[in-house]
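K.L.:
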Amino acid sequence: MRDRRYLNNILGLGFVLLLGGFTLANLLHQDVKFSDTENRMLEQRPVFSLTELMDGRFMTDFEKYQTDQFAFRDQWIRFQTAADRLLGKNKSGDVYLGKDQLFEEPSGIRAGTRQNLKAIGSFSGHYPGVRSYLMLVPDAASVQKEGLPAYAPVEDQEKQLEKIGRYLEKREEPVMEIPLYETLREHKDEYLYYWSDHHWTTRGAGYAYEKMAEVMGLPGAENRADSMEKQLYPVTDSFQGTLSARSGYQVPDDTIEVYWPEQEEELVVTYVQEQIKSASLYASEKLDTKDKYGMFLNGNHPLTEIRTMASTGRKLLLVKDSYANCLVPFLTGDFEEIVLVDPRYYYDSLDQLMEQYDFTDVVFLYNLNTFLEDDVLHDVLG
238 MRDRRYLNNI
248 LGLGFVLLLG
258 GFTLANLLHQ
268 DVKFSDTENR
278 MLEQRPVFSL
288 TELMDGRFMT
298 DFEKYQTDQF
308 AFRDQWIRFQ
318 TAADRLLGKN
328 KSGDVYLGKD
338 QLFEEPSGIR
348 AGTRQNLKAI
358 GSFSGHYPGV
368 RSYLMLVPDA
378 ASVQKEGLPA
388 YAPVEDQEKQ
398 LEKIGRYLEK
408 REEPVMEIPL
418 YETLREHKDE
428 YLYYWSDHHW
438 TTRGAGYAYE
448 KMAEVMGLPG
458 AENRADSMEK
468 QLYPVTDSFQ
478 GTLSARSGYQ
488 VPDDTIEVYW
498 PEQEEELVVT
508 YVQEQIKSAS
518 LYASEKLDTK
528 DKYGMFLNGN
538 HPLTEIRTMA
548 STGRKLLLVK
558 DSYANCLVPF
568 LTGDFEEIVL
578 VDPRYYYDSL
588 DQLMEQYDFT
598 DVVFLYNLNT
608 FLEDDVLHDV
618 LG
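Here the sequence shown is numbered in this note's numbering, starting from 238 and rising by one per residue.
#1: Give me whichever residues DSSP pairs with residue 491 in a beta bridge.
#2: To which residues of the same chain is residue 581 closer than 7 Å at the C-beta, ignoring the five residues directly before and after it?
#3: For the segment 521-548, which segments carrying the beta strand (DSSP E) assignment without a break, of at least 3 residues, lie completely within its bounds, in sequence order?
#4: Could you give the distance in angstroms between the alpha-carbon of residue 371 and the alpha-carbon of residue 513?
#5: For the structure I just gave you, are there three or more beta carbon pairs, one from the segment 432-441 and one from the segment 471-488, closer than 8 Å?
#6: Whole angstroms are fine: how far does the CA of residue 287 sit from the CA of residue 605?
#7: Considering only DSSP beta bridges, list what residue 426 is partnered with.
#8: In chain order, which continuous runs of the alpha helix (DSSP H) of length 4 or greater are located wholly inside the segment 366-446?
#9: Can you pull the DSSP bridge partners for residue 469?
#10: If I measure Cβ to Cβ from residue 471 and keep anything under 6 Å in the same chain, skipping five residues before and after, which residues do I get?
#11: In the DSSP output, which residue or residues are listed as bridge partners for residue 329?
#12: Select from 531, 426, 368 the residue whose C-alpha is nearest the C-alpha of residue 412.
#13: On the DSSP bridge list, what partners appear for residue 507?
#14: From 516, 564, 518, 487, pick the residue whose C-alpha is nearest to that of residue 329; which is it?
#15: Start and end of the beta strand (DSSP E) containing residue 616?
#16: Does the distance from the C-beta atom of residue 374 to that of residue 445 stay below 8 Å?
#17: Going by the DSSP bridge assignment, what does residue 341 pair with across the sheet?
#18: Look up residue 604 in the DSSP assignment and say whether it is helix, strand or coil.
#19: Taking DSSP's pairing of strands, which residues face residue 655 in a bridge?
#20: Among 326, 570, 618, which one has its Cα closest to the Cα of residue 545?
#21: Mark residue 282 as exposed unless 16 or more other C-beta atoms lie within 10 angstroms of its C-beta, in which case mark it buried.
#22: Please tell me whether residue 531 and residue 516 are closer than 8 Å, where the distance is taken between their beta carbons.
#23: Would you report the Cα separation of residue 300 and residue 543, rounded to the nearest angstrom?
#24: Tell me which residue opens and which closes the beta strand (DSSP E) that residue 587 is part of.
#25: Taking the beta carbon of residue 440 as the centre, do at least 16 other beta carbons fall within 10 Å, making it buried, or is it exposed?
#26: Going by Cα to Cα distance, which pick from 500, 551, 588 is closest to residue 596?
#27: Residue range of the alpha helix (DSSP H) that residue 289 falls in?
#28: Hey, could you find the ends of the alpha helix (DSSP H) residue 354 is sitting in?
#29: Using the three-state DSSP reduction, which class does residue 519 fall into: helix, strand or coil?
#30: I need the boundaries of the beta strand (DSSP E) containing residue 555, first residue and last residue.
#31: Just checking my contact of residue 345 with residue 392 at CB under 8 Å: how many whole Å lie between their CB atoms?
#32: Thinking residue 615 and residue 356 are a contact (beta carbons under 8 Å), I'd like their distance in whole angstroms, please.
#33: Do you know how far the Cα of residue 603 is from the Cα of residue 358?
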């Protein structure tokens with residue numbers, strides 16, 4: 238009896254010390270702005286306001302903050318993932334473990350989605366002389382759904398895209414869809430999405446470009462589409478992306494390919510806010526970092542301007558997320574100027590750009606997941 242009591246005391250003391258140590262570590266822990274492991278910005282402590290407390294936003298933001306900011310977070314994620322795998326689980330957070338491939342769980346349609354669609358329609362209606370397009374890219378979990386774990390409950394993105402299309406049609410919005418679901422499904426057995434990352438590959442973007450060219454009537458499309466296969470060049474075969482980092486799951490390394498046209502094209506890329514110019518669409522130095530996908534257009538920037546040698550009479554405003562970055566190289570033969578805006582980092586009005594440039598085309602290009610979760614696009618368009 239005495240031995241058992243002694244053991245219980247030791248275990249109790251150990252638990253108290255462990256809990257106290259963890260609490261102390263969290264008190265001393267300094268908030269981190271960016272996670273190199275997950276390649277994303279982490280939630281910061283929300284600013285208190287009575288209004289946000291009453292409507293629930295403060296507590297929601299504070300829970301996100303607590304999830305992102307605690308001591309030994311990366312080590313805990315790895316430990317939890319290893320334990321889950323021993324128990325036969327095939328999901329970590331919002332990441333599914335398929336056969337040699339990771340899948341991000343698709344988001345559902347939210348109230349903000351309708352708000353963004355209305356904003357796109359209203360913006361496009363203000364410029365009737367400019368052709369406007371909406372190009373939403375379905376995820377690997379939808380296009381390559383056969384690779385998901387059995388009975389994985391995921392949103393049906395095909396139906397989501399159909400619902401968005403019906404909404405635009407019903408409201409008679411002056412926006413033309415560029416439908417990609419069937420195009421990508423036709424190539425579902427190919428390397429369309431990275432195994433370890435949430436982005437599509439350059440090959441996937443190339444097939445999307447073919448559909449884009451068809452809908453928009455792009456002048457350089459025939460030359461590029463016919464020769465895409467022999468114009469993709471691997472630049473690294475050791476890419477581990479955000480899904481792997483976020484979940485702790487390890488899958489085979491990915492290969493990143495770049496599109497390089499047979500006839501080299503001169504261009505100038507200007508990262509406007511940073512006041513940096515480049516003669517290339519690729520930042521090869523990124524291949525030596527964790528964020529290898531950042532080699533496309535040197536990552537994400539608020540405003541990027543590309544001037545090409547094309548003589549087509551067409552100028553493009555591309556409102557986008559990071560899915561656009563590896564598609565842009567296919568477009569440089571079709572437009573004299575391409576201006577890219579990432580609403581997550583751009584805080585001015587797009588009307589200012591419309592006045593500054595004589596755009597002929599506007600494309601809203603988003604990964605469907607990002608679009609459904611977006612809460613800033615309508616502000617930029619407003």
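Ideal Cβ placement from N, Cα and C applies to all residues, glycine included.
P.N.:
Straight from the coordinates:
#1: In the sequence shown, counting from the first residue as 1, residue 491 sits at position 254. Its beta-bridge partners are 476.
#2: Residue mapping note: residue 581 aligns to position 344 of the sequence shown, counting from 1. Hits under 7 Å: 613.
#3: Those beta strand (DSSP E) runs which fall completely within the segment 521-548 and span 3+ residues are 540-545.
#4: Start at 1 with the first residue of the sequence shown, and residue 371 comes out as number 134. Start at 1 with the first residue of the sequence shown, and residue 513 comes out as number 276. Between the C-alpha atoms of residue 371 and residue 513 there is a straight-line separation of about 29 Å.
#5: Contact holds: three or more Cβ-Cβ distances are below 8 Å.
#6: For the purposes of this step, residue 605 is identified with residue 368 of the sequence shown, where counting begins at 1. For the purposes of this step, residue 287 is identified with residue 50 of the sequence shown, where counting begins at 1. Spanning the alpha carbons of residue 605 and residue 287 requires a straight line of approximately 34 Å.
#7: Taking the sequence shown and counting its residues from 1, the one referred to as residue 426 is at position 189. In DSSP, residue 426 forms no bridge with anything.
#8: Listed in chain order, they are 377-380, 394-408, 418-422.
#9: The count along the sequence shown starts at 1 and reaches residue 469 at position 232. DSSP output for residue 469 lists 496 as bridge partner(s).
#10: Within the sequence shown, the letter at position 234 stands for residue 471. Excluding positions up to five away in sequence, the list reads 492, 494.
#11: Sequence index remark: in the sequence shown, residue 329 carries index 92 (1-based). Per DSSP, the beta bridge partners of residue 329 are 332.
#12: One-based indexing of the sequence shown puts residue 412 at position 175. Considering only alpha carbons, the answer is 368.
#13: Here residue 507 is taken as the residue at index 270 of the sequence shown, counted from 1. Paired residue(s): 514, 542.
#14: In the sequence shown, residue 329 corresponds to position 92, counting from 1. Looking at the Cα atoms, 487 is the closest of the given residues.
#15: In the sequence shown, residue 616 corresponds to position 379, counting from 1. That residue, residue 616, is in no beta strand (DSSP E); its alpha helix (DSSP H) goes 614-618.
#16: Indexing the sequence shown from 1 puts residue 374 at position 137. Indexing the sequence shown from 1 puts residue 445 at position 208. Residue 445 sits close to residue 374, with the two beta carbons spaced by under 8 Å.
#17: As a first step, residue 341 must be located in the sequence shown, where it is residue number 104. Beta-bridge pairing links residue 341 to 332.
#18: Start at 1 with the first residue of the sequence shown, and residue 604 comes out as number 367. Per DSSP, reduced to three states, the secondary structure at residue 604 is strand.
#19: Lying outside 238 to 619, the shown extent of the chain, residue 655 is not represented and no answer is given.
#20: The sequence position of residue 545 within the sequence shown is 308, counting from 1. Of 326, 570, 618, the smallest CA-CA separation from residue 545 is found for 570.
#21: Against the sequence shown, residue 282 aligns to sequence position 45. Exposed is the call here.
#22: Against the sequence shown, residue 531 aligns to sequence position 294. Against the sequence shown, residue 516 aligns to sequence position 279. Result no, Cβ atoms of residue 531 and residue 516 do not sit closer than 8 Å.
#23: What you label residue 300 is simply residue 63 of the sequence shown in a count that begins at 1. What you label residue 543 is simply residue 306 of the sequence shown in a count that begins at 1. Between residue 300 and residue 543, the alpha-carbon positions lie close to 40 Å from each other.
#24: As a working note, residue 587 is residue 350 in the sequence shown. For residue 587, there is no enclosing beta strand (DSSP E); the enclosing alpha helix (DSSP H) has its first and last residue at 587-593.
#25: In the sequence shown, the residue the question calls residue 440 occupies position 203. Counting Cβ neighbours within 10 Å, residue 440 comes out buried, since at least 16 surround it.
#26: Residue numbering aside, residue 596 sits at position 359 when the sequence shown is read from its first letter. If we check each option's Cα against that of residue 596, 551 comes out closest.
#27: In the sequence shown, residue 289 corresponds to position 52, counting from 1. 287-291 is the extent of the alpha helix (DSSP H) around residue 289.
#28: Numbered from its first residue, the sequence shown carries residue 354 at position 117. Element bounds for residue 354: 348-362.
#29: Within the sequence shown, the letter at position 282 stands for residue 519. Under the three-state reduction of DSSP output, residue 519 falls in the strand class.
#30: Counting from 1 along the sequence shown, the entry for residue 555 is found at position 318. For residue 555, the enclosing beta strand (DSSP E) begins and ends at 552-557.
#31: Residue 345 sits at position 108 when you count from the first residue of the sequence shown. Residue 392 sits at position 155 when you count from the first residue of the sequence shown. Yes, they are in contact, since the Cβ atoms of residue 345 and residue 392 sit about 5 Å apart, within 8 Å.
#32: Locating residue 615 in the sequence shown gives position 378, counting from the first residue. Locating residue 356 in the sequence shown gives position 119, counting from the first residue. Right, their Cβ atoms sit about 4 Å apart.
#33: Translated into positions along the sequence shown, residue 358 becomes position 121. Translated into positions along the sequence shown, residue 603 becomes position 366. Pairing residue 358 with residue 603, the inter-Cα distance amounts to about 16 Å.
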